[in-house]
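The first sequence begins at 1 in the numbering used here and counts up one residue at a time. Yeah, the Cβ is synthetic: ideal placement off N, Cα and C, and Gly gets one too.
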Amino acid sequence: MSSLHIYNSLSRNKELFEPIVPGVVSMYVCGPTVYGHAHLGHAKSYVSFDVVVRWLRHLGYKVRYVQNITDVGHLTDDADEGEDKIQKQARVEMVDPMEIAQSYTRSYFEDMDRLGVLRPNIAPTATGHIPEQIEIIERLVGKGHAYESNGNVYFSVGSFPSYGRLSGRTDQASLQAGGRVEQRSEKRSPSDFALWKRAEPGHIMKWPSPWGVGYPGWHVECSAMAMKYLGETIDIHGGGMENKFPHHECEIAQAEAATGKPFVRFWMHNNMVTVDGVKMGKSLGNFVTLKELFRSFDPMVIRFFILQSHYRSPLDFSHSAISASQSGLEKLHDTMRRLLDAKPGSGTLNVSSFVRKTEEALNDDFNTPVAISVIFEFSKSLNGAMDRQEGISTEAAGEAIAYLEEFAGKVLGIMKSREELAASEAGDGGETLAEVMSVLLELRKEARTRKDFAMSDTIRDLLLAKGIELKDTREGSTWSKKKG
RNA sequence: GGCGAAGUGGCCGAGUGGCUAGGCAGAGGUCUGCAAAACCUCGUACAGCGGUUCGAGUCCGCUCUUCGCCUCCA
1 MSSLHIYNSL
11 SRNKELFEPI
21 VPGVVSMYVC
31 GPTVYGHAHL
41 GHAKSYVSFD
51 VVVRWLRHLG
61 YKVRYVQNIT
71 DVGHLTDDAD
81 EGEDKIQKQA
91 RVEMVDPMEI
101 AQSYTRSYFE
111 DMDRLGVLRP
121 NIAPTATGHI
131 PEQIEIIERL
141 VGKGHAYESN
151 GNVYFSVGSF
161 PSYGRLSGRT
171 DQASLQAGGR
181 VEQRSEKRSP
191 SDFALWKRAE
201 PGHIMKWPSP
211 WGVGYPGWHV
221 ECSAMAMKYL
231 GETIDIHGGG
241 MENKFPHHEC
251 EIAQAEAATG
261 KPFVRFWMHN
271 NMVTVDGVKM
281 GKSLGNFVTL
291 KELFRSFDPM
301 VIRFFILQSH
311 YRSPLDFSHS
321 AISASQSGLE
331 KLHDTMRRLL
341 DAKPGSGTLN
351 VSSFVRKTEE
361 ALNDDFNTPV
371 AISVIFEFSK
381 SLNGAMDRQE
391 GISTEAAGEA
401 IAYLEEFAGK
411 VLGIMKSREE
421 LAASEAGDGG
431 ETLAEVMSVL
441 LELRKEARTR
451 KDFAMSDTIR
461 DLLLAKGIEL
471 KDTREGSTWS
481 KKKG
């Protein structure tokens with residue numbers, strides 16, 4: 001079997017992955033700022049990293065997966081302008097900021113649960129880790145990497161020479177020339193960033209600190225929580241590409257300046273969801289929330305749609321693209337249903353070659369689109385075998401089921417469980433419907449035996465009008481409820 | 001202006017020096033009372049212009065176009 005290679009944003013190359021501690025992986029992924037419902041962009045990110053975690057576990061690693069919840073608002077820009085976004089939303093909804101944070105945190109996890117995203121082992125909140133953040137800031141001030149100015153504390157970028165290595169933005173002078181970073185009198189250098197902010201009158205979320213009452217800067221929460229739960233050097237840190245600069249750059253600077261050790265070994269960045277080629281984002285307002293999407297599509301279809309493209313590629317959203325994915329996924333589920341019902345035969349299947357190809361795809365920087373293409377090839381080959389007179393042996397069927405349940409199910413999360421497959425076939429009516437259907441199918445079978453095709457077709461057409469589709473196979477008729 | 005990514009058949013979307021990606025849609029066929037499903041076959045795609053090479057969608061250069069980041073953002 002091939003070994004896992006991960007594209008490391010730091011080196012811009014695929015590298016052989018091995019954790020610091022054999023058998024154990026420490027992984028941190030930037031979580032959402034909870035002031036609104038999650039949209040498709042969040043889904044792409046967290047589904048992608050979910051597969052990373054699932055694949056690492058499949059490989060036998062014990063993974064500690066930490067994903068923060070940012071529940072303290074940041075300003076709308078880094079130059080002390082604008083407003084705390086959570087506080088702003090709280091004013092709009094006329095509730096306490098913490099109510100905003102908590103209700104959207106719940107909303108976030110509801111959506112992720114529906115997408116089959118496994119919960120992180122630890123989901124720490126920024127507000128729950130103020131002392132840890134203050135401690136890092138104190139260390140940085142003590143070491144001369146940060147300075148206090150009028151109740152604010154800034155990180156001195158000039159004191160950390162490798163700043164910009166991740167994003168390739170090493171020339172701070174040019175950054176200032178064309179950038180939008182505003183010159184602040186309190187900062188010694190325009191690219192210095194805030195570690196702690198003085199709370200202005202009316203600011204609700206605030207805490208006491210050695211520098212007065214205030215609140216932490218955005219970047220420091222991730223460094224603090226990652227190091228608290230995963231140690232000073234972690235194996236994998238993931239996040240959205242748009243956070244490479246400045247967020248991840250700042251995280252590195254804070255952590256490494258404080259500890260003197262490398263912060264992250266593998267940086268992973270997922271690409272954006274676009275709409276008509278333009279990034280989907282809260283700021284642009286061109287986003288579609290998951291709750292809206294779930295009204296039209298099974299969450300598993302959304303998950304499948306996301307995994308059909310690579311995590312480092314942008315994914316263009318359109319209703320028709322998701323519909324195409326829906327058809328494809330249904331085909332896969334149909335194959336599984338058929339496999340589970342297959343009568344024992346004598347044919348064989350070369351399942352191991354598909355296992356190997358799937359493993360190779362996932363070991364190659366989590367190439368889910370290729371893994372899915374292998375699963376489709378398997379589906380085709382399996383259906384072909386089941387079409388033949390000799391069918392497939394019980395042993396071959398067992399291997400096929402195991403393959404689909406492990407890779408499509410457990411790793412990619414796009415295969416429904418046997419119970420779900422049976423339930424979706426039966427629809428919401430459950431057992432009663434199944435019983436009624438068996439009676440109808442029996443009647444229709446008798447009609448067909450008498451060659452009363454008019455009656456047979458009438459039954460089928462009437463059922464189809466109610467959303468129930470019949471299929472006649474060599475082994476008898478099957479039915480399934482189509483989604484409206 | 002700086003840093004970075006990308007342009008693939010009707011659509012979505014992998015690949016990255018020679019070997020079919022895959023899905024959706026479409027055409028033909030097998031099977032079927034018919035249909036659906038399934039299976040088989042088919043489209044001869046890689047922005048443009050040069051170059052390297054026995055051979056380039058894949059490497060190099062230039063041009064065009066698009067997008068991301070440089071402010072909060074998955």
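| request: Please report the residue range of the beta strand (DSSP E) in which Pro216 lies. | output: Following the DSSP letters along the chain, one finds Pro216 inside the beta strand (DSSP E) bounded by residues 214–216.
| request: Please say whether Ser9 and Trp267 have beta carbons closer to each other than 7 Å? | output: It is a contact, given that the beta carbons lie within the stated cut-off.
| Separation of Gly277 from Ala321, as counted between CA atoms | Rounded to the nearest whole angstrom, the C-alpha separation of Ala321 and Gly277 is 14 Å.
| Close beta carbons around Asp316, own chain, < 6 Å, minus the five adjacent residues each side | Around Asp316: Thr274.
| query | Across which residues does DSSP place Tyr65 in a beta bridge pair? | reply | According to DSSP, residue pairing for Tyr65 in a beta bridge involves Met27.
| Around the Cβ of Lys85, are there at least 16 other Cβ atoms within 10 angstroms (buried) or fewer (exposed)? | Under the 10 Å beta carbon count, Lys85 is surrounded by 16 or more other beta carbons and is classified as buried.
| query | For the alpha helix (DSSP H) that Met112 lies in, which residues bound it at each end? | reply | For Met112, the uninterrupted alpha helix (DSSP H) run begins and ends at 97–114, by DSSP.
| request: Inspect the CB distances between the stretch 53–64 and the stretch 17–27 and report whether three or more fall short of 8 Å. | output: Yes, the stretch 53–64 touches the stretch 17–27.
| request: Kindly indicate which residue of Lys416, Glu399, Glu99, Arg460 has the alpha-carbon position closest to the one of Ile204. | output: Each of Lys416, Glu399, Glu99, Arg460 was checked against the Cα of Ile204, and the nearest Cα belongs to Glu99.
| request: Pick helix, strand or coil for Ala38, following the three-state DSSP scheme. | output: The answer is coil: DSSP assigns Ala38 none of H, G, I, E or B.
| said: I'd like to confirm the pairing. Which residues does DSSP put opposite His237 in its beta bridges? | reply: Its beta-bridge partners are Tyr28, Trp267.
| task | Compare the C-alpha of Ile134 against each of Thr394, Ala90, Trp207 and name the closest. | result | Taking Ile134 as reference, the option from Thr394, Ala90, Trp207 with the minimal CA-CA separation is Trp207.
| Going by alpha carbons, who is nearest to Gly60 out of Val436, Tyr104, Val411, Glu138? | It is Val411 whose Cα lies nearest to the Cα of Gly60.
| query | How long is the line joining the alpha carbons of Ser45 and Val213, rounded to whole angstroms? | reply | About 35 Å.
| Quick one, which of Ile137, Lys331, Thr458, Glu442 has its alpha-carbon nearest Val220's? | That would be Ile137, whose Cα lies nearest to the Cα of Val220.
| query | Where are the beta strand (DSSP E) runs, 3 residues long or more, that stay fully inside the stretch 268–299, in chain order? | reply | The stretch 268–299 contains these whole beta strand (DSSP E) runs: 273–275.
| query | Just the Cα atoms here: how many angstroms apart are Lys282 and Ala342? | reply | Just so you know, the alpha carbons of Lys282 and Ala342 end up roughly 48 Å apart.
| task | Could you check how far apart the C-beta atoms of Leu340 and Arg418 are, in whole angstroms? I think they sit under 8 Å. | result | Leu340 to Arg418, Cβ: 6 Å. Contact.
| Rounded C-alpha distance that separates Glu132 from Tyr311 | Between Glu132 and Tyr311, the C-alpha separation is close to 32 Å.
| What residues in its chain sit with their C-beta under 6 Å from that of Phe444, if we drop five residues either side in the sequence? | Here residue 444 is Arg; the residue named in the question, Phe, does not match the sequence. Within the same chain, Arg444 has close Cβ partners Ser456, Ile459.
| Alpha carbon to alpha carbon, what distance is there between Leu195 and Phe155? | The alpha-carbon atoms of Phe155 and Leu195 are separated by roughly 6 Å.
| Do Leu329 and Val374 have their CB atoms nearer than 7 Å? | Contact: no.
| request: Take Arg303 as the anchor and find which of Met94, Val47, Val153 has the nearest alpha-carbon. | output: Nearest C-alpha to Arg303: Val47.
| task | Measure the alpha-carbon distance for Ser149 versus Ser189 and round it to whole angstroms. | result | Between the alpha carbons of Ser149 and Ser189 lies a distance of about 12 Å.
| said: Is the beta carbon of Thr70 closer than 7 Å to that of Thr33? | reply: Pairing Thr33 with Thr70 gives a Cβ-Cβ distance under 7 Å.
| query | Would the beta-carbon of Ile234 fall within 7 Å of that of Val264? | reply | Closer than 7 Å, so yes.
| query | Cα-Cα, which of Asp387, Asp334, Lys88, Val439 is closest to Lys481? | reply | Asp334 is the residue among Asp387, Asp334, Lys88, Val439 whose C-alpha sits nearest the C-alpha of Lys481.
| request: Determine the direct distance from the alpha carbon of Met27 to that of Pro120, and round the result to whole angstroms. | output: CA-to-CA, the gap between Pro120 and Met27 works out to about 10 Å.
| Beta carbon of Ala361 nearer than 7 Å to that of Val370 | Taking 7 Å as the Cβ cut-off, Ala361 and Val370 qualify as a contacting pair.
| First and last residue of the beta strand (DSSP E) that includes His5? | 5–8 is the span of the beta strand (DSSP E), which, as asked, contains His5.
| message | Less than 7 Å between the beta carbons of Met280 and Gly41, yes or no? | response | In terms of Cβ geometry, Met280 and Gly41 form a close pair [threshold 7 Å].
| Who are the Cβ neighbours of Pro262 in its own chain at under 7 Å, not counting the five residues just before and after it? | Result list for Pro262: Thr233, Glu256, in chain order.
| Is the distance from the Cβ of Val66 to the Cβ of Ile6 below 7 Å? | No, the pair does not count as a contact, with Cβ atoms beyond the cut-off.
| message | Suppose contacts are defined by Cβ-Cβ distances below 7 Å. Is Phe407 in contact with Thr358 by that definition? | response | The answer is yes: Cβ separation under 7 Å.
| Separation of Gly413 from Gly116, as counted between CA atoms | For the pair Gly116 and Gly413, the Cα-to-Cα distance works out to about 7 Å.
| Burial state of Gln389, where buried means 16 or more other Cβ atoms lie within 10 Å | Exposed, because fewer than 16 other Cβ atoms sit within 10 Å of the Cβ of Gln389.
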